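With this note's numbering applied, the sequence shown corresponds to residues 329 to 647, in that order. Here a beta-carbon is modelled for each residue, glycine too, at the ideal position from N, C-alpha and C. If you're wondering where the values come from, they're calculated on a predicted model, not measured in any experiment.
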Amino acid sequence: MKHTASILAAALTLVAATSLRAETVDFWKTTPPYPDVVSTSHATPQAAAFFKSYFTAKSEHKPVPTTDHFSEGHLTYIDAALGWPFYSKKGMTDLFEAYMPKWPPAGLSYPTRISGDTHSALVAFTDTPELFGAEIRILAAIDFKDGKIVRWIDYWDGRSFGAEMAAKMRTPPDKFPTNFDYDVASDGASAKIKEVSQKLAAAFAAGDAAAADALFTNDAVYLDRALRVRILGKQAIGKYLARVLATAPYGKGAKLMHVVGSDQGGGYEWTNDGGSVKRGIVAIDLNSAGQIERLDATWDNGMMSDADLQALVLLSVEK
């Protein structure tokens, strides 16, 4: 019976993935052409299969199979660190057709963490240095409609890429995109991830460390990629938030703009018009009770001065 149930579960998953019309690999049998290190503990099997298909096509440098995962009718794809927008599937296909043939075989793009489902998801992934000149570790907010991607926004920190190189590639402020399609018509996020995201964002914006800390599990992990900070445990997280929320770009004055994900996890995008860093993303994984067991944030630290960044980093030290 156990063996039969396993076969049935695998078959149902593959049928569901096929209905997305974007599969290019067999999720259960094929080894991907990239490091298979992804955590899918907070993702549905269908989401895991979809993104395995996408990153396989991208790592194999196949433009059309890659962009077949995007909607023909509507697409917003923006690199939020560099301000590079694409508002159509054709635009993305043209880009990949121009660049993919120049990528060496060692150039890979692969997921490391997937949270959510095929309504919306938050994906952590890595582009190796061979693709764009330096390693990029990205958190992406992704929305689907009818099995295709209609919105994809990348967030990463410029200093990990190389602050000077990122600055040369970044779109000037007066030409930086303003249409991030936060109100995209998509299959949307679950009620639970929306509720937790809204509570967390409200606590952060108010500088209320106690209210934010109350949302975490006792053994939660808190990561800020831009600050290179890793805090372990609810008590330490609460103390850290009390020190940092007044000046962190996602703290006081920040505004929640868009939520993605399922009851298992996802996260939200934020903006802060009053700070040097205007936007970023907070990824959260939830337990079955709806508590945050992992938070992973990133924002473009290349937009912050050395002095301000160093002051924030020092706040991670307990006295």
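Please report the distance separating the alpha-carbon of residue i from that of residue j.
i      : j      : result
Gly561 : Arg498 : 36 Å
Thr394 : Lys417 : 10 Å
Asn507 : Tyr483 : 15 Å
Asp474 : Ser399 : 9 Å
Ile612 : Ser369 : 13 Å
Pro432 : Ala452 : 23 Å
Met631 : Leu436 : 27 Å
Thr599 : Met585 : 7 Å
Pro501 : Leu459 : 25 Å
Val512 : Tyr415 : 12 Å
Gly566 : Asp552 : 14 Å
Glu621 : Val524 : 12 Å
Gln592 : Ala617 : 10 Å
Ala339 : Met420 : With a pLDDT of only 37 at Ala339, under 50, the local geometry of the prediction cannot be trusted, and the value read off the model is given with reservation. Between Ala339 and Met420, the C-alpha separation is close to 32 Å.
Val353 : Phe383 : In this prediction, Val353 scores a pLDDT of 45, lower than 50, which makes its location untrustworthy; no coordinate-derived value is stated.
Thr603 : Pro505 : The residue you asked about is not Thr; residue 603 is Gly in the sequence shown. Approximately 17 Å, taken between the alpha carbons.
Asp364 : Leu410 : 28 Å
Asp634 : Ala494 : 15 Å
Arg487 : Ala574 : 23 Å
Ala468 : Gln638 : 26 Å
Thr404 : Asp455 : 20 Å
Val645 : Asp636 : 15 Å
Asn615 : Ala542 : 14 Å
Pro413 : Lys647 : 44 Å
Phe378 : Asn546 : 33 Å
Lys430 : Gly581 : 43 Å
Ala530 : Asp422 : 40 Å
Output yes or no for whether 9 Å exceeds the beta carbon distance between residue i and residue j.
i      : j      : result
Asp628 : Ala408 : yes
Ala576 : Phe544 : no
Gly594 : Ile521 : yes
Thr446 : Arg465 : no
Val641 : Arg556 : yes
Lys380 : Val366 : yes
Tyr362 : Tyr438 : yes
Gly535 : Gly579 : yes
Leu528 : Ala540 : yes
Ser448 : Ile470 : yes
Ala371 : Ser443 : yes
Met428 : Pro391 : yes
His397 : Lys476 : yes
Leu623 : Ala564 : no
Thr626 : Asp485 : yes
Asp509 : Arg479 : yes
Leu643 : Tyr568 : yes
Taking DSSP's pairing of strands, which residues face residue i in a bridge?
i      : result
Val549 : Leu560, Arg622
Arg441 : Ser367, Ala452
Ser611 : Looking at the sequence shown, residue 611 is not Ser but Ala. Note: Ala611 sits in a beta bridge opposite Gly595, Asp624.
Trp412 : Asp407
Phe398 : Ile477
Phe544 : Ile620
What first and last residue would you give for the beta strand (DSSP E) that runs through residue i?
i      : result
Ala469 : 464 to 473
Ala528 : Reading the sequence as shown, one finds Leu at residue 528 and not Ala. Looking at the DSSP string, Leu528 is not in any beta strand (DSSP E); the run it does join, the alpha helix (DSSP H), is 519 to 534.
Tyr483 : 476 to 483
Val301 : Residue 301 is absent from the structure shown; the chain starts at 329 and stops at 647.
So, does the CB of residue i fall closer than 9 Å to a CB anywhere in chain D?
i      : result
Asn600 : Looking for chain D here will not work: only one protein chain is present.
For the alpha helix (DSSP H) that contains residue i, what are its first and last residues?
i      : result
Ala635 : 634 to 642
Lys417 : 417 to 427
Tyr382 : 373 to 387
Lys496 : 491 to 497
Leu459 : 457 to 460
Please report the Cβ distance between residue i and residue j, rounded to the nearest whole angstrom; I am assuming they are in contact, meaning their Cβ atoms lie under 8 Å.
i      : j      : result
Phe424 : Ala462 : The Cβ separation is near 19 Å, so there is no contact.
Val605 : Tyr596 : Going by Cβ atoms, the distance from Val605 to Tyr596 rounds to 16 Å, so no, they are not a contact pair.
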